[in-house]
Every structure is written in structure tokens, then in C-alpha cells.
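Single-structure report; data block below.
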Amino acid sequence: MAGFSEHPLRSLAAWLADTALSRTLQTVDWLVPAIQTAHILAVAVVISSVLMLSLAVFGLHGREQPLSRSVARFAPAIGVGLPVLLVTGALMIAAEPDRALPNPAFQLKMAMLVGAALLTWLYARSVRGTPATGPARPLVVRLAAGTSLVLWVAVLVAGRWIAYTLSR
Ligand code: HEM
Numbered sequence: 042m043a044g045f046s047e048h049p050l051r052s053l054a055a056w057l058a059d060t061a062l063s064r065t066l067q068t069v070d071w072l073v074p075a076i077q078t079a080h081i082l083a084v085a086v087v088i089s090s091v092l093m094l095s096l097a098v099f100g101l102h103g104r105e106q107p108l109s110r111s112v113a114r115f116a117p118a119i120g121v122g123l124p125v126l127l128v129t130g131a132l133m134i135a136a137e138p139d140r141a142l143p144n145p146a147f148q149l150k151m152a153m154l155v156g157a158a159l160l161t162w163l164y165a166r167s168v169r170g171t172p173a174t175g176p177a178r179p180l181v182v183r184l185a186a187g188t189s190l191v192l193w194v195a196v197l198v199a200g201r202w203i204a205y206t207l208s209r
């Protein structure tokens with residue numbers, strides 16, 4: 042079995058590290074900290090919007106209004122935050138490809154991110170036209186909101202964990 046150090050993604054990482062974009066990111070001191078700051082700001086936007094949506098689904102916020110209104114209010118922020126995360130995340134990979142690509146914490150993060158985003162999109166979409174108000178939300182929607190919230194937090198933890206699962 043191939044060990045972590047012989048991971049096939051290491052050759053992709055080596056190629057990427059030699060591109061003009063990567064070299065620029067490696068040599069201009071302020072670029073990476075600025076990109077990291079934008080990444081964290083977008084994390085704050087996405088996580089807080091996901092939390093507000095989940096609270097609405099659990100009947101702990103906006104009980105007096107239809108769930109569709111909470112979706113209309115918070116889903117656009119997720120729609121803006123995610124592309125920012127994607128671009129800033131991709132730039133961080135380009136800056137130091139070896140840190141992320143072959144890293145199991147990064148791979149787990151990406152897999153969980155797909156699940157979290159898909160689940161959030163599905164349940165938000167399913168309640169878009171719901172006129173109902175009050176704390177009673179369908180069980181399946183509460184389950185989806187709870188699971189996706191756990192996944193979003195796990196994505197955040199895995200993002201921080203990348204730095205602690207490096208093998209060089
Ligand atoms: C959309 C695709 C995303 C990509 C490609 C991406 C990529 C990355 C990369 C490469 C790092 C640097 C890790 C390191 O070198 O230590 C990072 C850090 C991080 N990411 Fe993401 N990320 C994405 C989305 C997200 C999302 C959705 C969240 C949270 C909900 C998130 C939370 C974090 C956190 C908390 C860190 C640690 C920052 C730090 O330690 O300064 N990321 N991400």
C-alpha cells in the first residue's frame with residue numbers, strides 16, 4: 042500500500058508549485074495572509090447563515106414567519122460565501138499545494154463539504170414555497186438541517202486540522 046509520502050497527488054502538487062501563480066503567491070509576502078483573511082470572513086458568513094437557517098428549522102428563530110422567508114433571507118449569503126471560499130481555498134492550495142492536496146484532513150473536508158452543501162441546498166429548496174408558520178417543521182427537514190449543521194461544523198474543524206496532519 043502506498044504510504045502518505047508516495048501519494049499520487051504529490052506529483053500534481055509538485056507541478057502546481059512550479060506554476061507562475063504559485064510562485065507569485067510564494068514570493069509576495071502579504072498575499073497569503075490576505076487570502077486567509079478573506080477565507081475566514083467567508084467562513085463566518087456561511088456558518089452564521091447556516092446556523093440561522095437551522096435555528097429557523099428547529100423553530101428557535103423566526104417562528105412567526107414562514108420558513109420560506111428565512112430561506113430567502115439567509116440562503117443568498119451562503120450562495121455568495123461559498124464561491125469566495127472556493128476561490129480563496131483554491132488560491133491557498135496553489136500557494137502551498139503539498140500542504141493540502143495529499144492531506145487526509147483536506148480530502149475529508151472536501152467530501153464533507155459536498156455533503157453539507159448538497160443537503161443544505163436540498164432542504165432549503167424543499168421549503169421554498171412553504172406558506173406554513175409556527176414551530177412545527179417536517180421531521181425530514183429538521184433531520185436534514187441538523188445533519189448538515191453538524192457537517193458544516195466538521196468542515197470547519199477539518200479546515201483547521203489540515204495544519205496538524207502534515208507529513209513531509
Ligand atoms: C470551497 C472549498 C474550500 C477549499 C478549496 C478550502 C481550502 C482550504 C485550504 C487550502 C486551507 C489552508 C489549510 C492550511 O494550509 O492549514 C483552508 C483553511 C481553512 N478552511 Fe477552507 N476551504 C474551502 C471551504 C471551507 C469551508 C466551507 C469552511 C468552513 C465552513 C472552511 C474552513 C476553513 C478553516 C477554519 C480553515 C483554517 C484557517 C486557518 O487555520 O487559518 N473552508 N481551507
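Using the working numbering, the first residue of the sequence shown is number 42, and each one after it goes up by one. We treat Cβ as the ideally placed atom computed from N, Cα and C, and that holds for glycine. Just so you know, these numbers come straight off a predicted model, no measurement behind them.
For Met93, the distance from the CB to the nearest heavy atom of the ligand HEM is not below 7 angstroms.
With the rule of 3 Cβ pairs closer than 8 angstroms, the region 188-199 counts as touching the region 149-166.
In the three-state scheme derived from DSSP, where H, G and I count as helix and E and B as strand, Val69 is classed as coil. Rounded to whole angstroms, Leu62 and Pro124 show a C-alpha spacing of 19 angstroms.
Here the region 94-104 does not lie against the region 50-68, with fewer than 3 beta-carbon pairs under 8 angstroms apart. Between Arg183 and Leu108, the beta carbon gap of about 11 angstroms keeps them out of contact (Cβ cut-off 8 angstroms).
Assignment of His80 by DSSP, reduced to helix, strand and coil, places it in the helix class. By the CB criterion at 8 angstroms, Ala186 and Tyr164 fall inside the cutoff. In the structure shown, Phe115 adopts helical secondary structure according to DSSP, grouped into three states. Pairing Ser189 with Leu142, the inter-Cα distance amounts to about 24 angstroms. In the structure shown, Leu142 adopts coil according to DSSP, grouped into three states. Distances taken from the Cβ of Met153 to the heavy atoms of the ligand HEM include none shorter than 7 angstroms. Counting along the chain, Arg201 sits inside the alpha helix (DSSP H) bounded by residues Leu180 to Trp202.
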